[in-house]
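Residue numbers (this note's numbering): 3 to 98. Glycine is no exception: its CB is placed at the ideal position from the N, C-alpha and C atoms. None of the values given here were measured: they were computed from a predicted structure.
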Amino acid sequence: MYLAQLSTLQTQAPFYINIIENIISGKSNVENKNNIDSAISEAIEVAKEQKNVFSINNNHYFFITTLLSKFKEELLQIENNNYSNQIYSKILDTLK
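The structure is reproduced here in structure tokens:
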């Protein structure tokens, strides 16, 4: 099980790191930004116990569960769905 988790981290994290770096630099396309924002929103809902973790979007399962395990306190403090570059930067640091 641990090897599977390690493999997922090594393959999935760079994908999300690249997208978030593009969002921060303003080079991201709208669809990628919307997908990341949607995943962040789902993570916030789960962190605030407004949604069950088993009902999250499977496409972003790794990203959402990583945020929940390493970024939960910060998720609980986010008030709206307009995520600033500061939020993206903190998430980027979490993934690295």
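Buried versus exposed call for residue i [16 or more other C-beta atoms within 10 Å across all chains shown]
i   : result
F17 : exposed
F56 : exposed
E33 : exposed
Expected contact under 8 Å - CB spacing of residue i and residue j to nearest Å
i   : j   : result
I38 : I19 : In fact, because the Cβ distance is near 11 Å, the residues do not count as touching under 8 Å.
Where residue i sits in the DSSP three-state scheme
i    : result
L97  : helix
E81  : coil
N59  : coil
F73  : coil
S103 : No information on residue 103 is available, as it lies outside the stretch 3 to 98 that the chain covers here.
Checklist entry - Fully enclosed by the segment 24-57, which alpha helix (DSSP H) runs are 4 residues long or longer? => result 32-49
Next on the checklist: Does the structure place the segment 47-54 close enough to the segment 69-77 that three or more beta carbon pairs sit under 8 Å?
Outcome noted: yes
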